Ligand SMILES: [Zn+2]
């Protein structure tokens, strides 16, 4: 990992496999993907079974593949994993596969990256069951301020992209439990920081040090 003074931006969740020298990027892998043989020192990975990829038939195989992908030492987060009421296998299978991933995260002391579309009740139920010791970060959150406030109260962290950075959500969540991301938008992370600064009233330096500190706290790093 590069020394802290070189790093300005943390892109907490991205599918873009190239990263600038001043950015730490957490690149998302799906279960069964290989960690690239060659990657820069400022690139980290998350690995999970995305609910979109899950079918009734492949659940068992996905679990095995995740164990292989997640064994790599640069896979520092489990996910994206979660609940989606609109896409992918539904019901029990989604819950079982999520619980499997949450248990893996617990056993290995890793935080989770959460994908959740309308499945908030299921997510809360899973959290009550697992009682995680490390944070669960809801990525790409685009809900209301009141939903954000109630999830924040239950201990969830948030990773917001350009479209999620509303003044309403920023007023509802703890800024010490906040990260920023580009996901699959193709935007530059710097641009997401600019939007965050404007919406939250921070200057560039404040925003960069806040997010870096949050990431360090989340990961037990010292960037
Ligand atoms: Zn994603």
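Residue numbers (my numbering): 113 to 335.
Using N, Cα and C, we set each Cβ at its ideal position, and we do this for glycine too.
It should be emphasised that the depicted structure is a prediction, and the values quoted were computed from it without experimental measurement.
For residue i, count the other beta carbons within 10 Å of its own beta carbon; 16 or more makes it buried, fewer makes it exposed. Which is it?
i: residue 135; result: buried
i: residue 295; result: buried
i: residue 220; result: exposed
i: residue 148; result: exposed
i: residue 159; result: buried
i: residue 174; result: buried
i: residue 162; result: buried
i: residue 118; result: exposed
i: residue 181; result: buried
i: residue 273; result: buried
i: residue 131; result: buried
i: residue 199; result: exposed
For the alpha helix (DSSP H) containing residue i, name the first residue and the last one.
i: residue 326; result: 316–331
i: residue 234; result: 232–242
i: residue 259; result: 257–265
i: residue 301; result: 301–312
i: residue 218; result: 204–219
i: residue 177; result: 171–182
Pull up the distance between the alpha-carbon of residue i and that of residue j, whole angstroms please.
i: residue 281; j: residue 239; result: 21 Å
i: residue 197; j: residue 229; result: 6 Å
i: residue 266; j: residue 286; result: 12 Å
i: residue 156; j: residue 150; result: 12 Å
i: residue 277; j: residue 186; result: 29 Å
i: residue 188; j: residue 310; result: 30 Å
i: residue 289; j: residue 258; result: 17 Å
i: residue 143; j: residue 264; result: 28 Å
i: residue 114; j: residue 251; result: For residue 114, the pLDDT reaches just 49, beneath the cut-off of 50, and the residue's location in the model is therefore unreliable, although a value from the coordinates is still provided. Between residue 114 and residue 251, the C-alpha separation is close to 24 Å.
i: residue 154; j: residue 269; result: 22 Å
i: residue 249; j: residue 271; result: 6 Å
i: residue 140; j: residue 126; result: 6 Å
i: residue 275; j: residue 302; result: 14 Å
i: residue 171; j: residue 201; result: 9 Å
i: residue 216; j: residue 242; result: 11 Å
i: residue 261; j: residue 129; result: 33 Å
i: residue 190; j: residue 314; result: 30 Å
i: residue 232; j: residue 298; result: 27 Å
i: residue 235; j: residue 227; result: 10 Å
i: residue 169; j: residue 195; result: 18 Å
i: residue 212; j: residue 279; result: 35 Å
i: residue 244; j: residue 192; result: 16 Å
i: residue 166; j: residue 145; result: 15 Å
i: residue 218; j: residue 330; result: 14 Å
i: residue 133; j: residue 333; result: 18 Å
i: residue 255; j: residue 284; result: 11 Å
Return the first residue and the last residue of the beta strand (DSSP E) that residue i is part of.
i: residue 140; result: 135–142
i: residue 161; result: Run containing residue 161: none; DSSP gives neither H nor E here.
i: residue 126; result: 121–126
i: residue 281; result: Per DSSP, residue 281 belongs to no beta strand (DSSP E); it is in the alpha helix (DSSP H), 279–284.
i: residue 195; result: 187–196
i: residue 271; result: 269–272
i: residue 227; result: 224–229
i: residue 251; result: 248–251
i: residue 291; result: 290–292
Let me check you understand the geometry: is the CB of residue i closer than 7 Å to at least one non-hydrogen atom of ligand 2?
i: residue 128; result: No copy of ligand 2 appears in this structure; the ligands present are ligand 1.
Q.
Under 8 Å, with one C-beta from each stretch per pair, do the region 199–208 and the region 306–323 reach the 3-pair mark?
A. no
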